[in-house]
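In this note's numbering, the protein residues as written are 40 to 455.
Note sheet for the following structure.
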Amino acid sequence: MRFSRLAALAGVLLLTACGGEYPQSSIAPASDFAHRIQDLYFQIFLWTMGILAVVWIVLTYILVRFREKPDSPEPEQIHGHLGLEIAWTIVPALIVVAIAVPTIQTTFDTQTPDPDAMVVDVIGHQYWWEFRYPELGGERTANELRLPVDRPVALRIWSDDVLHSFWVPQLGGKRDAYPLRAVPEGDDTKYNWIFMTPQEVGTFMGQCAEFCGQSHAIMGMRVVVESQEDFDAWVADWNEGHAEVPAAEEIAEAELEEELQEAIPIAEVAALQDTPQDVQDAASQEDASQDTASQDTASQDATDSTPVSAEQALIDEGRQVFQSGLGGCIACHAVQGTDAAGVIGPNLTLLGRRSTIAAGWLENTPENLVRWITAPQDIKPGVLMPGVDVAGGNWPATGLTEDQVRAIAAYLHSLR
Ligand code: CUA
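This is the structure:
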């Protein structure tokens, strides 16, 4: 038995050694669900190692003890030995039961949602993942799912087109995402679910695990598990959105108007209207000089406090091109707090905070955003997004110029 323990230990050490360097390891659990699976896996592993040890020990003993020697007599024939027949029927049956009971238990336990679980929609698209938070404020994001640590979640999984499969090995088992079918009236829509509680802060890699087309192999995702405070801050920032920041001159003008309104009380304005023309002229002249003076101060203030850098100018240009509908970006994409409200492609709110673009395939840098906007099909064959020269899905090529693409990339990267 000592040998079997040693063998088991060696085996486990070997296996855990595989866990560290690989971000999609299924034996480095970080959620309660993944821990349950790991425990089960470990139990079954011990059983199989025990069986292996017994078989080897008995086999070795027999090979040595009963090896053929010169002049050995014919060995005793024990075909049909009742005791042995019963033993090797009952023992394996008991082992199967010992494995089946915890397996079935785990299966049922992990299918039961926590009543306080936060529902998050996980939607597969060719070739990206969408995440929606219907129980918060309807927040939407893509390819990077954010979850608070130690809070039970219920992932409601479905697909917008073909079969996909959601799999983040460190957080639990995989689940197919299938297109929702019409159900008879009164019946519930059949979603697939994963119920789990992430237990570690960190970023966990996932992968579409069902062949879904040309770019299936590069349909990745990340799950960012963070503290409740960080998560709440992200939700608040998301809802605040990216409303257009008024340009410096506009701020100055607004301030000026406010100042003027404060400077001339309403009664005085009313009185002015009844004053003879010459007095009015004099008064407005006075106002005008005041006007110019304060405008000077205001514009100087604005220049001092918000210098418009070349980078900011590029971002402003990108915002303008994006929001104007040139290139067709807003037909598919939404940015919270702006007029862009497309729902076909990924929601781009807080895009600058994501670590990757193109469903985990490219690092999120302005250069890669330029590459992606210019020719998405070169990076992800079969993608629905059109490029500068190549149409995508039902959409014509965007026809954006190089400068416009660079400006849009700067704008998108600034959404943080
Ligand atoms: Cu989506 Cu494979």
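Where a beta carbon is used, it is the ideal one built from N, C-alpha and C, also for glycine.
It should be emphasised that the depicted structure is a prediction, and the values quoted were computed from it without experimental measurement.
Out of 397, 367, 377, the CA that lies nearest to the CA of residue 430 is found in 367. When secondary structure is reduced to three states using DSSP, residue 364 falls in the coil class, being assigned neither helix nor strand. Between the region 374–385 and the region 409–417, the count of Cβ pairs shorter than 8 Å is below three; the stretches do not touch. Checking the 8 Å criterion, the Cβ of residue 258 is within range of a heavy atom belonging to ligand 1. Distances from the CA of residue 360 to each of 403, 439, 188, 409 were compared; the closest alpha carbon is that of 439.
In the structure shown, residue 375 falls within a coil segment according to DSSP collapsed to helix, strand and coil.
Sorting 204, 200, 237 by C-alpha distance to the C-alpha of residue 219 places 200 at the top.
The C-alpha of residue 385 is placed about 16 Å away from the C-alpha of residue 281. In the DSSP assignment, the residues bridged to residue 179 are 171.
DSSP places residue 263 inside the beta strand (DSSP E), whose first and last residues are 259–265.
Each residue's CA atom was taken as its position, placing residue 187 and residue 96 some 50 Å apart. Per DSSP, the continuous alpha helix (DSSP H) segment holding residue 78 begins and ends at 71–104.
At the C-beta level, residue 173 and residue 155 stay beyond 9 Å of one another. Taking C-beta atoms as the reference points, residue 236 and residue 105 fail to come closer than 9 Å.
Remark: the C-beta of residue 64 is outside contact range of ligand 1, defined as less than 8 Å to any heavy atom. Note that the C-beta distance between residue 70 and residue 209 is below 9 Å. DSSP, reduced to helix, strand and coil, places residue 192 within a strand of the structure shown.
For residue 216, the enclosing beta strand (DSSP E) covers residues 214–216.
By the beta-carbon neighbour count (other beta carbons within 10 angstroms, threshold 16), residue 119 is exposed.
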